[in-house]
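Visitor: For the sequence shown, the positions run 959 to 1781 when the working numbering is used. A virtual CB, placed ideally from N, CA and C, is assigned to each residue, including glycine.
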Amino acid sequence: MPLFRQTLASGSRLIFDGAMGTILQSRGLAGGQSPEAFCLEHPDILEGVHRDYALAGADVLTTNTFGGTRLKLPPEIPVVDFNRRMAQAARKAADAAGRRVFVAGSVGPTGKFLRPLGDIPFEDMVAAFQEQIRGLVQGGIDLVLAETQFDIAEARAVVIAARRECSLPVAVSMTYEEGVTLTGSGVGVCVATLANMGVDLIGMNCSAGPVEMRDAAGELLRASPVPVLIQPNAGLPVLENGHTIFPLQADAFAGLTAAFAGDGAQAVGGCCGTTPGHIAALKKAVDDLPAARKTLAPRPRFSGIAVTSRSQLVRIGSGFPLRILGERINPTGKKQLTAELQAGEFGLAFRYADEQIAAGAPVLDVNVGAPMVDETALLPELAAQLAARHGCPLALDSSNSEAVARALALYPASALVNSISGEEGRMERLGPLCRDFGAPFILLPLQGKDLPVTAKERISILEGLLRRMEALGIPRSLALVDALALSASSSPEAAKECLAFIRYCAEVLHLPTTCGLSNISFGLPARELLNASFLSLAAGAGLCSCIANPGSARIAEAVDAANLLLGHDAGAEGFIAGYAGWKNGTPAQGGASAGGQGSPSSSSPEGGKSAAVPSARDAATLEGAVIAGRREVALELVREALDSGADPFSLVGERLIPAITEVGARYERREYFLPQLIRSAETMQAAFAVLRPLLEKDVRRNKRAEVVILATVEGDIHDIGKNIVGLLLGNHGFEVIDLGKDVAASSIVEAAVAHDATLIGLSALMTTTMVRMQDTVGLLREKNLDKKVMVGGAVVTDAFAQSIGAHYAKDAVDAVRLAQSLI
């Protein structure tokens, strides 16, 4: 076992080092200069930084490779060689410390989005991370540290790459704003997804100081079943004499950050603005904690599986509500759905998804298996589109292992795989895939051609499958056992044996169970009555979920009643809300929670904040289609409106603009997150493209659009935020001239003059480059040009903007409002 992993297992506290960029600035790094290129030219300076952190008491030194992938490094710098040399510099300082000091290989975000949110294929991003990690491993690192990650999908890619390149421990540290990542994942979602992947250390860093980080850090400590790392900034940045300053002094930082260690964080350190002085003070503060507070808090243990989407977490197992896994997206017995899938169309599948989510289904099973359907192409595509449209986690249902593999690569979190059985080679094909992707799976006790009728037969097969899992290194925490409900019409003992098997799984193996509910009633009348009755019996025996139609009133009633009677509906709030008006067997409000996350009976704080998902009814109008991000519906409605004689100017001003404004409002209320914002903006853009030729022909369009120049400042190569701002500004009628990234102040001002722009928008992500914003403002004053400047980015604050004479936009929606007010 690697020594770092042993150290974690021992419970020993670890002190990570602090910032790199701000220290390098104090030692000669020029504003806007690449830290990577600077350290290649001055290895002695880099080694000195590492040495100072080791002398300050850091147990872990972090390599200067935050931007070390080919997607961020200048093309003239060889990726593997660069990462090897940076790791060797840290290794040299660690080995000279006179005590055991570990080296963490830093892997930062690429600044790109994976498909379908962006345009980078999953395998391409994994390959880029593998190349970086290969160099880090050659340089002698002890662990891979994915840090400042803002998208759980990209964090998964780092973990996959690390596992393909080495057997070293892997740590992943996400960055949150108000407890949510940029792409809408709460702390609970990130923790569950990363824990499913077997990550050794889960953390959070950057974006805030220890005070601002307090609530999210507490949630992380409560949720994580593995050791926790917390690395705050030294407060929020301010500008003093042309330099970015983080105001929190060493002793104050140490006291606030050591409190996280007292609360149970096994590892603490510093991020932006922290120095060897901060780390020395932190080391002393942690060592001085009262003995009683040094004992690590018990880590949470969950009996069951965790299924996640980018924004939602659903736990299935003992102690959690009975869940219905929506079964309807399955072409078996559905001629119209089969025909659509054969044609590569998803209209009916989307409708079934909308209906099941409206009925409360917390997870949707997705099956495209039909004659003349290429599952390897269709399952990934449908899964990706459903993941983009809805926050609901998915179950990937296919006997085609290649189709499952491709769908897991496109899915942004922990999908459920349905299923792995004792079929020859299936465990060996799908098991490692689920292990590496952190995908929970349904474990089916089937082996050979004969169905196991008795509980004893099923137990024997299941225990054999568990041994095969263990041999492949697949944790039991990923397994959801199928109880294998057989038809009561073919065997009078079928239900009784199934219940005995469920009870054994719950009481002896402590494994969660599910079943295909409709099987029990096959060939019999009053099927819903039988299904609901069996479900009630099975829930009492320990059944945790079932695959069924969440729209079935009897099934939904049985779920709601079981959740109340089994203690999963505190104060009977959910049951009362659904059934207070019960008359003649009919609930006044439809009941039907289906064990979903959203009902009072089953709500859980573990999922964190979730994005609101518009219903199918919402998308039936043009405004609703934009708000829901339904591009195909919006295009159809625009064309219908034009055919009916609608005025194109009215469509834009009275319907499209108010709709995208509402999207912005939801984003600000934290009901929508970046994926929903982008999807709605692109829908608006597509609808506007249909109307543009008509608007340009109309004589009323005699006023030119206001021009906005956008750029990421010199030395900074991050442009995600800027691109989103440009997309939204274009939606609101501005003409956007995007100069790209790493743009000098002189080029920005020249473009503003050439295009007669009245507004300039500047973006910076790094503390080392945000000062370059002042260059543009200064040059405008020098040339006496009356052009306003708005600034934004992860490290930028309102105080900083005011200090340089610019206007601050906290996000893309705020940038639109600011631009409108300034012009």
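#1: List the DSSP bridge partners of SER1379.
#2: Should LYS1030 be labelled buried (16 or more other beta-carbon atoms within 10 Å of its own) or exposed?
#3: How is LEU1424 classed by DSSP in three states: helix, strand or coil?
#4: What does a CB cutoff of less than 7 Å around ALA1066 pick up in its chain, not counting 5 residues either side in sequence?
#5: If I'm right that ASN1041 touches GLY1097 with Cβ under 8 Å, what's the distance once you round it to whole angstroms?
#6: Decide if the segment 1052 to 1059 is in contact with the segment 1004 to 1020; the criterion is three or more beta carbon pairs, one per stretch, under 8 Å apart.
#7: Tell me the rounded alpha-carbon separation between ALA1530 and PRO1606.
#8: Nearest CA to the CA of ARG1347: which residue from VAL1037, ILE973, TYR1766, ILE1315?
#9: Does LYS1746 come out as helix, strand or coil in the three-state DSSP assignment?
#10: Report the rounded CA-to-CA distance for ALA1047 versus PHE1211, giving the unit in angstroms.
#11: If you check the beta carbons only, do VAL1711 and GLU1693 fall under 8 Å apart?
#12: Give the straight-line distance between the Cα atoms of ALA1770 and LEU1686, rounded to the nearest whole angstrom.
#13: Ends of the beta strand (DSSP E) at GLU1198?
#14: Can you pull the DSSP bridge partners for ASN1163?
#15: With 16 as the cutoff for other CB atoms within 10 Å, does LYS1407 come out buried or exposed?
#16: Whole angstroms are fine: how far does the CA of ALA1371 sit from the CA of PRO1558?
#17: Please state whether DSSP places VAL1621 in a helix, a strand or coil.
#18: Spatial neighbours of LEU1420 within its chain, please: CB distance less than 6 Å, with the 5 preceding and 5 following residues excluded, ordered by chain position.
#19: Assuming CYS1504 and LEU1283 form a contact by the criterion Cβ under 8 Å, report the distance between their Cβ atoms to the nearest whole angstrom.
#20: Considering only C-alpha positions, which residue in the set LEU1444, VAL1466, SER1638, LEU1523 is nearest to SER1481?
#21: For LEU982 and VAL1061, I'd like the C-alpha separation in whole angstroms.
#22: Alpha carbon to alpha carbon, what distance is there between ASP1527 and LEU1467?
#23: For the alpha helix (DSSP H) holding PHE1758, just list the boundary residues, first then last.
#24: Give the DSSP bridge partners of HIS1201, in chain order.
#25: Give, in chain order, every unbroken run of the alpha helix (DSSP H) that is at least 4 residues long and sits entirely within the segment 1038 to 1116.
#26: Which residue marks the beginning of the beta strand (DSSP E) containing GLY926, and which one marks its end?
#27: What's the gap between the Cα of THR1151 and the Cα of PRO1483?
#28: How should ASN1507 be labelled, buried or exposed, when 16 other C-beta atoms within 10 angstroms of its C-beta is the threshold for buried?
#29: Which term fits THR1141, buried or exposed, when burial requires 16 or more other beta carbons within 10 angstroms of its beta carbon?
#30: Could you please give the first and the last residue of the uninterrupted beta strand (DSSP E) stretch that includes VAL1735?
#31: When the Cα of MET1728 is compared with those of LEU1737, THR1716, LYS1741, ASP1700, which residue comes out closest?
#32: Counting beta carbon pairs with one atom in the segment 1358 to 1365 and one in the segment 1332 to 1350, are three or more of them shorter than 8 Å?
#33: Between LEU1340 and the rest of its own chain, which residues show a CB-CB distance below 7 Å, the 5 nearest in sequence each way excluded?
#34: As a quick exercise: from PHE962, ALA1014, GLY1525, ARG1043, pick the residue whose alpha carbon is nearest that of ARG1002.
#35: In chain order, what residues of the same chain lie with their CB nearer than 6 Å to the CB of GLN1547, ignoring the 5 residues before and after it?
#36: Around the C-beta of GLU1455, are 16 or more other C-beta atoms found within 10 angstroms, so that it is buried, or is it exposed?
Guide: Reading from the atomic positions:
#1: For SER1379, which the question treats as bridged, DSSP gives the partners LEU1402.
#2: buried
#3: helix
#4: Per the sequence shown, the amino acid found at residue 1066 is Gly instead of Ala. Answer for GLY1066: PHE1024, GLY1025, GLU1105, THR1106, listed in chain order.
#5: 7 Å
#6: yes
#7: 52 Å
#8: Comparing alpha carbon positions, the residue from VAL1037, ILE973, TYR1766, ILE1315 closest to ARG1347 is ILE1315.
#9: strand
#10: 27 Å
#11: no
#12: If you draw a straight line from the Cα of ALA1770 to the Cα of LEU1686, it comes to about 7 Å.
#13: 1196 to 1198
#14: GLN1189
#15: exposed
#16: Unreliable positioning characterises PRO1558 in this predicted model, as indicated by a pLDDT of 31, which lies under 50. The coordinate reading is nonetheless provided below. Cα to Cα, PRO1558 sits roughly 25 Å from ALA1371.
#17: helix
#18: Non-local C-beta neighbours of LEU1420 in its own chain, meaning closer than 6 Å and more than five positions away in sequence, comprise PRO1403, ordered along the chain.
#19: 7 Å
#20: Note on identity: in this sequence residue 1481 is Gly, with Ser being the wrong assignment. It is LEU1444 whose Cα lies nearest to the Cα of GLY1481.
#21: 19 Å
#22: A direct Cα-to-Cα measurement between LEU1467 and ASP1527 gives close to 26 Å.
#23: 1756 to 1762
#24: Partner(s): GLU1198.
#25: 1080 to 1096
#26: Residue 926 falls outside the range modelled here, since the chain spans only 959 to 1781, and no answer is possible.
#27: When rounded, the distance between both Cα atoms is 42 Å.
#28: A residue is called buried once 16 or more other Cβ atoms fall within 10 Å of its Cβ, and ASN1507 is buried on that count.
#29: buried
#30: Per DSSP, VAL1735 belongs to no beta strand (DSSP E); it is in the alpha helix (DSSP H), 1731 to 1740.
#31: ASP1700
#32: yes
#33: PHE1304, ALA1307, VAL1324, VAL1326
#34: In the sequence on display, residue 1002 carries Asp and not Arg. For the residues PHE962, ALA1014, GLY1525, ARG1043, the minimum Cα distance to ASP1002 belongs to ARG1043.
#35: Any answer about GLN1547 is weak, because its pLDDT of 46 lies below 50 and its placement is not dependable; what the coordinates show is given next. Only GLY1536 meet the Cβ criterion.
#36: Buried is the call here.
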